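Numbering (the UniProt record's numbering), first residue to last: 1 to 283.
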């Protein structure tokens, strides 16, 4: 049976049966000015389309393929940028943490703290995040089966936090490739509200030798397919010039295409959630 939990994030409600929410922004904070530009564009588009919105960016990409790759401005500088975005645009925020000591100070500024896929089984990090009482977004590891996500949810609950959202971002399919298990994502809907990271699911990990490649041209097809399951929302990254982005550019949408992209996604979500549930059992 579908999980009907509704998680409140500021004025945004996240739930599998509700109109889809958007966690969107940029992969990593590249500069204060660019972050403000991207946040403003997302806010304008989502307000126009009536889509509940949470702004996303990372202050540190701690798991880059190369030690020479850009990581971000760091926590202190990143939180200052987040505070300015929040105060200027009155929008909730989501960002990821990588170490237990980051959880509390980050939760003082952002509304949702994200558990990265590669770190999703790190108990000390889970406990530190749970203790903040912030809403949690858990990226499903590429190496875990969908049904194993119940163990991570239970770990958060036993640490005192039941405000957990799950986020699908693809599963490893051999070397340097990801696929999305649609039936597995549907199974996760029975555990918690489910977001679909339709941009990172386009990755070809290690496809550029020292960084990830991607399949931006299929961004719309993948997101439409995910929303056909009836999800809580989408996780989408965009950039004014994706080919010049400092991280995961091959997966990012061109910022100029965001509005027409979201128009389609809203239409799919509204259609799917207007249909009555269909019982295909033999009994």
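Cβ atoms here follow ideal geometry from the backbone N, Cα and C, with glycine treated the same way. It should be emphasised that the depicted structure is a prediction, and the values quoted were computed from it without experimental measurement.
| Item | Value |
| --- | --- |
| List the whole-angstrom C-beta distance separating residue 26 from residue 239, where the pair is believed to meet the contact cut-off of C-beta under 8 Å. | 6 Å |
| Less than 7 Å between C-beta atoms, sequence neighbours within five positions excluded: which residues of the same chain meet that for residue 179? | 170, 171 and 173 |
| Only counting runs of 3 or more residues, tell me where the beta strand (DSSP E) segments fall wholly within the segment 38-98, in order along the chain. | 53-58 and 93-96 |
| For residue 79, I'd like the list of residues in its chain whose CB is within less than 6 Å of its CB, leaving aside the five on either flank, ordered along the chain. | 109 |
| Assuming residue 182 and residue 233 make a contact with CB atoms under 8 Å, what is their CB distance in whole Å? | So it is not a contact: roughly 16 Å between Cβ atoms. |
| Please look up how many angstroms separate the CB atoms of residue 22 and residue 57, rounded, as I've assumed it's under 8 Å. | Rounded, the Cβ-Cβ distance is 14 Å, inconsistent with contact. |
| Which residue spans inside the segment 127-153 form an unbroken beta strand (DSSP E) run of at least 3? | 135-139 |
| Could you check whether the segment 123-142 touches the segment 31-50, counting it as contact only if at least three pairs of C-beta atoms, one from each stretch, sit closer than 8 Å? | no |
| In the DSSP assignment, what residue or residues form a beta bridge with residue 234? | 22 and 196 |
| For residue 209, which residues in the same chain have their Cβ closer than 6 Å to its Cβ, ignoring the five residues on either side in sequence? | In this predicted model, residue 209 has a pLDDT of only 49, less than 50, meaning its place in the structure is not dependable; the value taken from the coordinates is given anyway. Taken in chain order, the list of residues that qualify is empty. |
| Between residue 55 and residue 92, what straight-line distance do the alpha-carbon atoms span, to the nearest angstrom? | 6 Å |
| Inspect the beta-carbon positions of residue 159 and residue 127 and report whether they are closer than 7 Å. | yes |
| Rounded to whole angstroms, what's the CA-CA distance from residue 18 to residue 68? Just pull it up for me. | 42 Å |
| Do residue 120 and residue 152 come within 7 Å of each other at the CB atom, strictly closer than that value? | yes |
| In the DSSP assignment, find the beta strand (DSSP E) that holds residue 164 and state where it starts and stops. | 164-168 |
| Assuming residue 133 and residue 114 make a contact with CB atoms under 8 Å, what is their CB distance in whole Å? | Between residue 114 and residue 133 the Cβ distance is about 15 Å, and since that is not below 8 Å, they are no contact. |
| Using a Cβ-Cβ cutoff of less than 7 Å, which residues in the same chain neighbour residue 5 once the five nearest sequence positions on both sides are dropped? | 15, 192 and 193 |
| In the DSSP assignment, find the beta strand (DSSP E) that holds residue 112 and state where it starts and stops. | 112-115 |
| Looking only at its chain, what residues have a beta carbon closer than 7 Å to the beta carbon of residue 246, apart from the 5 residues adjacent to it on each side? | 28, 30 and 70 |
| For residue 267 and residue 229, I'd like the C-alpha separation in whole angstroms. | 14 Å |
| Among 277, 235 and 220, which residue has its Cα nearest to the Cα of residue 261? | 220 |
| Would a C-beta distance cut-off of 7 Å place residue 289 and residue 141 closer than the cut-off? | There is simply no residue 289 to check, as the chain begins at 1 and stops at 283 in what is shown. |
| Taking its Cβ as the centre, do 16 or more other Cβ atoms sit within 10 Å of residue 218, making it buried, or is it exposed? | exposed |
| Measure the beta-carbon distance from residue 81 to residue 32 and round it to whole angstroms, keeping in mind my assumption that it falls under 8 Å. | 5 Å |
| From which residue to which residue does the beta strand (DSSP E) around residue 268 run? | Unbroken run through residue 268 is the alpha helix (DSSP H), 258-274; no beta strand (DSSP E). |
| Let me confirm a value: residue 102 is counted as buried when at least 16 other C-beta atoms fall within 10 Å, else exposed. Which label applies? | buried |
| Between which two residues does the alpha helix (DSSP H) harbouring residue 102 extend? | 100-107 |
| So, under 8 Å CB-CB, residue 99 and residue 125 are touching, yes? Tell me the CB distance rounded to an integer number of Å. | 7 Å |
| Since residue 161 contacts residue 201 with CB under 8 Å, what's their CB separation in whole angstroms? | The Cβ separation is near 26 Å, so there is no contact. |
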